[in-house]
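Numbering (the UniProt record's numbering), first residue to last: 1 to 591.
We put the beta carbon where it would ideally sit given N, CA and C, even for glycine.
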């Protein structure tokens with residue numbers, strides 16, 4: 001997360017991908033199928049001495065790799081009840097830790113600390129991005145508490161949200177180093193981090209960062225939607241118009257010139273000044289939220305038009321990130337260097353997921369990118385090679401070298417807990433969206449992804465009926481598999497750090513990383529939504545085990561049930577052909 005000072009190292013080093021021009025020594029494998037056989041600093045001679053293959057690639061894949069490809073088989077869906085039990089316990093712990101990050105002792109009201117870590121690494125700061133993602137999660141907890149009649153927690157969350165909004169307003173009224181760069185006092189909302197007492201952080205850093213304003217607007221708008229619905233207090237909502245407009249106008253003013261015409265702006269990993277897909281998609285989401293705000297509570301057609309036009313312009317910019325040759329979305333443009341699929345695409349999609357489904361997890365380019373991103377990591381980390389039949393842990397990007405800066409674990413960049421949880425959220429969201437849509441269109445981009453999830457269809461075709469049920473249930477099972485992997489490496493210790501060590505699996509980097517807890521919580525939200533949406537759908541086919549007329553079947557299953565689980569309840573199992581409605585797991589006695 002905080003690897004700005006390691007930029008130069010990131011250019012010349014990559015875990016198991018040494019930047020040395022050597023002659024290929026054996027047959028090639030696609031980068032996303034390579035099992036890493038090297039280490040930082042491997043050469044062709046050391047690689048081949050280990051009886052491994054050596055073929056340089058420039059998309060982040062391993063240069064030194066085993067002759068056999070990584071396991072591309074979809075992991076078996078774990079037991080749903082086991083996942084639910086672990087997730088419920090981890091969720092409760094994560095909510096507590098999320099609250100502990102809000103104005104802890106030593107911080108002023110409204111500040112959100114990025115982690116309970118003051119050295120090795122020092123994350124005892126208020127980051128615009130992390131705090132907005134955290135408070136967006138608190139806003140969802142607030143809405144849930146209202147819906148369930150939990151007034152005690154609703155009041156608690158309300159106080160935290162309003163304190164944060166007040167704190168952010170104070171930050172926006174002061175000068176900071178970003179203003180010194182741009183020369184515009186209104187650009188202070190592009191400053192990425194602050195001291196927890198609200199004063200400016202004046203040290204060297206990658207600034208400005210342009211994702212904060214959009215994320216902040218979205219979080220505030222989500223909160224206001226729930227607040228006004230519960231209280232009818234539109235006066236409070238309208239009182240925030242100047243604060244929201246400042247963030248939104250920053251996006252309008254800077255979306256096109258920053259990072260493109262020479263003005264610096266850094267990515268969510270705080271390493272590279274470039275044009276960033278993640279920044280663009282969360283800027284767009286903020287503008288859509290802002291447009292809705294100024295349409296409903298503050299009638300200002302001029303601002304609405306400005307925000308709509310800028311959102312449309314951002315959509316055009318994002319389209320340019322698609323790399324049809326590589327087969328994935330490039331996170332960065334206008335820069336050389338890092339080329340591998342990036343967790344930023346996964347995170348941008350779920351952080352901006354909303355009813356309009358723009359670049360959502362079901363978008364064919366996004367889905368292919370995220371699927372391939374995970375395949376890259378399948379063979380990258382030793383901890384994934386140890387558990388090749390399971391869902392992999394995932395990191396930021398393949399060339400990453402930042403290990404959390406804890407001064408202890410030095411096996412290189414590790415797997416990120418928030419990204420692994422994000423993979424689960426992504427596939428839960430995809431399952432929900434496709435089932436709600438009632439069909440899935442097959443393109444040249446998503447065809448191989450759908451085949452991986454058990455459904456074959458021609459490009460230009462449509463997946464529906466029982467095939468759609470197979471697809472969404474397998475997406476749900478994949479999401480559960482990522483939580484299963486997360487729970488495996490966490491063990492009985494619920495504390496969430498930034499990373500898992502790539503070799504040993506022990507936790508490394510900042511302890512009690514706030515964003516990790518937020519990611520776990522939102523993954524549970526996505527799972528709950530998927531369960532509710534998919535309730536009653538048929539389950540994936542395996543083989544017949546009973547012979548009961550379809551019209552006489554009484555459903556005995558649940559979403560994600562397998563043949564073994566079905567029969568363990570003394571129920572019958574018999575798949576139905578595509579287009580035929582009815583349960584696949586059903587009671588033996590005809591109804």
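query	result
Around the C-beta of residue 319, are 16 or more other C-beta atoms found within 10 angstroms, so that it is buried, or is it exposed?	exposed
Can you tell me the Cα-Cα spacing of residue 91 and residue 184, whole angstroms?	42 Å
Determine the contact status of residue 450 and residue 463, defining contact as a CB-CB distance below 8 Å.	yes
Check for me: the alpha helix (DSSP H) holding residue 284 runs from which residue to which?	277-296
Considering only residues of the same chain and omitting the five flanking positions on each side of residue 443, which have a CB-CB separation below 7 Å?	364 and 459
Could you say if the region 519-526 and the region 93-108 meet the contact criterion of at least three C-beta pairs nearer than 8 Å?	yes
Name the DSSP bridge partner or partners of residue 462?	441
Return the residue from the list 65, 43 and 46 that minimises the CA-CA distance to residue 53.	65
Pull up the DSSP beta-bridge partners for residue 594, would you.	Since the first residue shown for the chain is 1 and the last is 591, residue 594 is missing from the structure and cannot be characterised.
So, are the CB atoms of residue 381 and residue 419 less than 8 Å apart?	no
If you count every other CB in all the chains shown that lies within 10 Å of the CB of residue 113, and 16 or more means buried, which is it?	buried
Using a 10 Å radius around the Cβ and a threshold of 16 neighbouring Cβ atoms, would you call residue 354 buried or exposed?	exposed
Give a yes or no on contact between the region 206-220 and the region 244-252, applying the rule of three or more CB pairs nearer than 8 Å.	yes
Just verifying my parser: in three-state terms, what is the DSSP assignment at residue 314?	helix
Using a 10 Å radius around the Cβ and a threshold of 16 neighbouring Cβ atoms, would you call residue 550 buried or exposed?	exposed
Let me know if residue 233 comes out buried or exposed under the rule of 16 or more other beta-carbons within 10 Å of its beta-carbon.	exposed
Can you list, in chain order, the residues of its chain whose CB lies under 8 Å from that of residue 497, leaving out five sequence neighbours each side?	404, 417, 507, 508, 509, 510, 511, 512, 513 and 516
What do you reckon, are the CB atoms on residue 368 and residue 469 nearer than 8 Å?	no
Can residue 252 and residue 182 be called in contact, C-beta distance under 8 Å?	no
Confirm, please, whether the CB-CB distance from residue 526 to residue 425 is below 8 Å.	yes
In whole angstroms, what separates the C-alpha of residue 385 from that of residue 379?	6 Å
In chain order, which alpha helix (DSSP H) runs of at least 4 residues are fully inside the region 349-422?	364-378 and 382-386
Give me the Cα-Cα distance between residue 166 and residue 40, rounded to the nearest whole angstrom.	46 Å
For the ligand FMN, is there a heavy atom less than 7 Å away from the beta-carbon of residue 28?	Absent from the structure shown: the ligand FMN. Ligands present: none.
Quick check on the burial criterion: 16 or more other C-beta atoms within 10 angstroms. Buried or exposed for residue 314?	buried
Kindly indicate the opening and closing residues of the alpha helix (DSSP H) around residue 213.	212-231
Residue ranges of each alpha helix (DSSP H) run of no fewer than 4 residues wholly in the region 463-530, ordered along the chain?	465-490
Skipping 5 residues on each side, what residues in its chain have a beta carbon closer than 7 Å to that of residue 439?	462, 463, 464 and 468
How big is the Cα-Cα spacing for residue 43 and residue 69?	20 Å
Please report the distance separating the alpha-carbon of residue 132 from that of residue 574.	48 Å
State the beta-bridge partners of residue 329 as determined by DSSP.	322
Any idea if residue 593 is buried or exposed, counting beta-carbon neighbours within 10 angstroms, 16 or more meaning buried?	The question about residue 593 has no answer, for the chain in this structure spans 1 to 591.
Determine the burial state of residue 110: buried for a count of at least 16 other Cβ atoms within 10 Å of its Cβ, exposed for fewer.	buried
Taking DSSP as the reference, what is the three-state secondary structure of residue 572?	strand
Out of 172, 267, 171 and 195, which one is the CA nearest neighbour of residue 208?	267
If you compare alpha carbons, which of 291, 256 and 284 is closest to residue 274?	256
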